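Remarks on the structure that follows.
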Amino acid sequence: QVQLVESGGGLVQPGGSLRLSCAASRSIFNINLMGWYRQAPGKERELVARIIVGGSTHYRDSVKGRFTISRDIKNTVVLQMNSLKPEDTAVYYCHWSAGGLELWGQGTLVTVSS
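Just add 1416 to wherever you are in the sequence shown, counting from 1, and you've got this note's numbering.
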């Protein structure tokens, strides 16, 4: 069974940067969409950014201009997060849609605090 493995979370001060990465445990074909969601304590999971393969990228308004999502030829999806704010604190989840499957990572905690 294929798994998505995330890395790169941690503690950072406000204004700092973090880089999250997500890769699959084996090759996956027919990937339609790759993205990142987050869930803060007591809140619902929300979309942060996504790439429609062969198409466009989308960001939630609160991260536009600060976060960048990208994908490399090995199908690693990266979320570069700059100018982090305390309200960005959450567990971040990688999500892929591929060949009718909806795949989720286990989550990685991002804490923005001084």
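Glycine included, every Cβ here is placed at the ideal spot set by N, Cα and C. A quick note: this is a predicted structure, and the numbers were derived from the prediction, not measured.
- request: Return the CA-CA distance between K1490 and T1505, expressed in angstroms with no decimal places.
  value: 28 Å
query: Is the region 1472 to 1486 touching the region 1419 to 1429 in the sense that three or more CB pairs, one from each, lie closer than 8 Å?
result: Because the criterion of three Cβ pairs below 8 Å is not met, the region 1419 to 1429 and the region 1472 to 1486 do not touch.
field: Which of helix, strand or coil DSSP assigns to V1526
entry: strand
query: In its own chain, which residues sit with a C-beta less than 6 Å from the C-beta of A1514, not counting the 5 before and 5 after it?
result: So the list reads I1444, N1446, I1447, once near-sequence residues are dropped.
message: Going by the DSSP bridge assignment, what does G1521 pair with across the sheet?
response: L1420
task: Could you tell me which of S1499, Y1508, V1421, R1482 sits nearest to K1459, measuring between CA atoms?
output: Y1508
query: Among G1471, S1437, Q1417, which residue has its Cα nearest to the Cα of C1510?
result: S1437
message: For I1468, report the span of its beta strand (DSSP E) as first-last.
response: I1468 -> beta strand (DSSP E) spans 1462 to 1468.
field: Whole-angstrom C-beta distance between L1500 and L1434, which should lie under 8 Å
entry: 7 Å
query: Looking at C-alpha atoms only, which residue of R1487, G1470, R1454 is the closest neighbour of L1463?
result: Nearest of R1487, G1470, R1454 to L1463, Cα basis: R1454.
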